[in-house]
Amino acid sequence: MRIIVHKAKCQGHARCSAQAPDVFKLDDEGYILPGDIEVAEGEQLLASRGARSCPERALELDPTPAARVVPDAIEPRVWRA
């Protein structure tokens, strides 16, 4: 999951960081730092709550999973009874 940051919309309420301080990094004045945020698997729920808590809608949820490396050849498992 990725969070798209619309920095120009941020008004410094810091509600996002109150929900997920490890995900949302703020500057000294309480404004979100620029750049989209890649959310780790275990932090998705809190990150989602933080993004939805923004009254200015400065944070947009992108549920598209991050690109993953997939091996060229995956051997099927053989189950034996």
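By this note's numbering, the letter at position 42 of the sequence shown is numbered 90, and the numbering carries on one by one without gaps.
C-beta: ideal position from N, C-alpha, C; glycine also.
Take the alpha-carbon of E108 and the one of R128: they are about 47 Å apart. Taking C-beta separations shorter than 8 Å and ignoring five residues to either side along the sequence, the partners of E104 in its chain run K57, C58, Q59 and H61, following chain order.
Note: D110 is bridge-paired with R50 in the DSSP secondary-structure output.
In summary, I51 is buried, with 16 or more beta-carbon neighbours lying within 10 Å of its beta-carbon over all protein chains present.
The Cβ-Cβ distance between A95 and V71 falls below 8 Å.
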